[in-house]
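Under this note's numbering, the first residue of the sequence shown carries the number 1, and numbering increases by one thereafter. Working notes for the structure below.
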Amino acid sequence: MQRKDIDIPGVAEVSNELAHSFPMTVITTSKRRDFELIYRHRTLLDKMAFLLCREDYDKANPTAEPYETGLRRFAIESKKAVVIEDSKRGLAAAEAAGIRTIKVHNAFVAHEQADSNYAIDSLKELPDLLRRQSHQSMR
Numbered sequence: 001m002q003r004k005d006i007d008i009p010g011v012a013e014v015s016n017e018l019a020h021s022f023p024m025t026v027i028t029t030s031k032r033r034d035f036e037l038i039y040r041h042r043t044l045l046d047k048m049a050f051l052l053c054r055e056d057y058d059k060a061n062p063t064a065e066p067y068e069t070g071l072r073r074f075a076i077e078s079k080k081a082v083v084i085e086d087s088k089r090g091l092a093a094a095e096a097a098g099i100r101t102i103k104v105h106n107a108f109v110a111h112e113q114a115d116s117n118y119a120i121d122s123l124k125e126l127p128d129l130l131r132r133q134s135h136q137s138m139r
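Dropping the structure here:
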């Protein structure tokens, strides 16, 4: 079990920027106790509408249930959501829930081949991609 903070490049800056324009949540297959231990000193969760952990749903990724639970909590349709994922199982779960996906590169799972609607190398690319997608969907 990881006992120190995990630093994901760009998370703090991107979540601060996007929090003003997009409602966000974290949906994780981690147990709540473990997730909160790892992220206890981060302000990431302050930007989130809620947190869904493994205890909050019955079936984990790659089933759609974690993301369907999130959609119900947000009270939105899948076509209005987007999932930012780095794992093959997470991308499969989002796709099964009918949600558009953005795959962000992560060295820990870089060996996994997974399809997504969009792919970025860094979270720092996310705000521009979301703005472009928002403008295109308004046309």
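Just so you know, even glycine gets a beta-carbon here, dropped at the ideal spot from N, CA and C.
| Asked | Found |
| --- | --- |
| Counting Cβ pairs closer than 8 Å, one from the region 95 to 102 and one from the region 31 to 50, do we hit at least three? | no |
| Have a look at M138 and P23 and give me their C-alpha separation to the nearest angstrom. | Its pLDDT being 42, under 50, M138 is placed unreliably by the model, and nothing is read from it. |
| Can you find the residues in the same chain that come closer than 8 Å, C-beta to C-beta, to R54, ignoring five residues on each side of it along the sequence? | T28, T29, S30, K31, R32 and A60 |
| If contacts are defined as beta-carbon pairs under 8 Å, then I102 and S116 qualify, I think. What distance do you get, rounded to the angstrom? | 6 Å |
| Determine the closest residue to S134 out of E13, K79 and I38, with distance taken between C-alpha atoms. | K79 |
| K103 by DSSP, collapsed to three states: which one? | strand |
| Between the C-alpha atoms of E77 and R131, what's the straight-line distance to the nearest angstrom? | 20 Å |
| In this structure, what does DSSP give as the bridge partners for E85? | K103 |
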